[in-house]
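Student: In our numbering, the protein residues as written are 15 to 80. Backbone N, C-alpha and C define an ideal beta-carbon position, used for all residues, glycine too.
1) Output the distance between the C-alpha atoms of residue 53 and residue 70, rounded to the nearest integer angstrom.
2) Got a sec, what are the start and stop residues for the alpha helix (DSSP H) residue 24 sits in?
3) Mapping the DSSP letters down to three states, classify residue 18 as helix, strand or coil.
4) On a CA-only basis, which of 49, 28, 39, 51 is nearest residue 16? Give me that one, please.
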């Protein structure tokens with residue numbers, strides 16, 4: 015896979031890679047993993063909210079009327 019980065023982002027990655035004694039590729043892999051983890055957590059939270067809204071709809075309605 016080829017990836018074209020804006021020059022400034024490439025420079026920033028180059029500096030960070032040097033500081034961390036790693037490669038730009040490793041940094042980008044870490045970034046991709048973080049994005050996927052965040053998306054998974056977001057899906058989990060949304061599913062939890064949907065469950066609560068469906069499971070406790072009557073209770074939530076009564077609380078809203080109180």
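Tutor: Based on what the coordinates show:
1) Locating residue 53 in the chain shown gives position 39, where the first residue counts as 1. Locating residue 70 in the chain shown gives position 56, where the first residue counts as 1. So the two alpha carbons sit approximately 25 Å from each other.
2) For the purposes of this step, residue 24 is taken as the residue at position 10 of the chain shown. Unbroken alpha helix (DSSP H) run through residue 24: 21 to 34.
3) Reading the chain shown from its first residue, position 4 is the one you call residue 18. Reduced to three states, the DSSP call for residue 18 is coil.
4) For the purposes of this step, residue 16 is taken as the residue at position 2 of the chain shown. Per the Cα distances, 39.
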